[in-house]
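According to the numbering used here, the residues represented by the sequence shown are 1437 to 1608, in order.
Even for Gly, the Cβ is constructed at its ideal location relative to N, Cα and C.
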Amino acid sequence: MNKAEINIFIENDYKTFEKETLNLSEYTKDAVSMVEFFLSKNEWLEKSCLRGYDFSLLYFDVVFVNDEKIHEINKEYRQKDRPTDVISFAMFADSPEEERFIFDNEINLGEIIISLDTTYRQAKENNKSFKDELYFLLAHGILHLLGYDHMTEETLQEMWDIQNKIIAGIKE
1437 MNKAEINIFI ENDYKTFEKE TLNLSEYTKD AVSMVEFFLS KNEWLEKSCL
1487 RGYDFSLLYF DVVFVNDEKI HEINKEYRQK DRPTDVISFA MFADSPEEER
1537 FIFDNEINLG EIIISLDTTY RQAKENNKSF KDELYFLLAH GILHLLGYDH
1587 MTEETLQEMW DIQNKIIAGI KE
């Protein structure tokens, strides 16, 4: 597999969020770096939904919303009647292998939705910067798009470890 092009579109649907200044171009560049860092680690790639596939382009969307919107999405799609921090719709990873769609060596991984309200609140609760918390959630969402999940405490810890390594890797 050659080095894949990575296209990420980040959209802010929460236009009235004023607690932090949002830098969508920086977040996009860093999200691309996160995926590139992930792809450089064969042991992670081998556990992902991309194992065994040839591709030249990966792409996905990230949407920033408020707690009200993510609550609505969480209730409709996950039957959880509360807001959450991040929801991923992993189009490629969640499809049965025989139904995975690759056109012209391009893979649509899906969509990540992040609540900026919850991100801000969790950053304060965890004594982290808003950007650090946002990147933790973004890396988490990316891992879900790549087929990782946390059905047990052990797999959750594995995801958190990889998230932290990805974030550290893009800061180098």
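- Shown here, F1473 sits in a helix according to DSSP, grouped into three states.
- By the Cβ test, the region 1495 to 1502 is in contact with the region 1547 to 1557, since at least three Cβ pairs between them sit closer than 8 Å.
- Of the residues G1577, Y1584, L1460, the one whose Cα lies closest to the Cα of L1481 is Y1584.
- Beta-bridge partners of E1547 (DSSP): D1497, F1525.
- Boundaries for F1537: no beta strand (DSSP E) harbours it, and the DSSP string shows neither H nor E there.
- Secondary structure at N1448: strand, using DSSP grouped into helix, strand and coil.
- Taking the C-beta atoms as reference points, T1555 is found no nearer than 8 Å to T1520.
- The region 1580 to 1597 and the region 1525 to 1539 touch, with no fewer than 3 CB-CB distances between them shorter than 8 Å.
- The distance from the Cβ of M1470 to that of A1604 is about 11 Å, inconsistent with a contact at the 8 Å cut-off.
- Assigned with DSSP and collapsed to three states, N1510 falls in helix.
- Boundaries of the alpha helix (DSSP H) around Q1599: 1589 to 1607.
- Three or more Cβ pairs drawn from the region 1553 to 1573 and the region 1448 to 1466 lie within less than 8 Å of each other, which places the two stretches in contact.
- In the three-state reduction of the DSSP assignment, E1441 falls in the strand class, which pools E and B.
- By the criterion of a C-beta distance shorter than 8 Å, K1516 is surrounded in its chain by N1510, once the five residues flanking it on both sides are discounted.
- Check the Cα spacing between D1540 and each of K1560, S1492, E1472: the tightest is with S1492.
- With respect to the 8 Å criterion, Y1495 and E1542 are classified as neighbours on the basis of their beta carbons.
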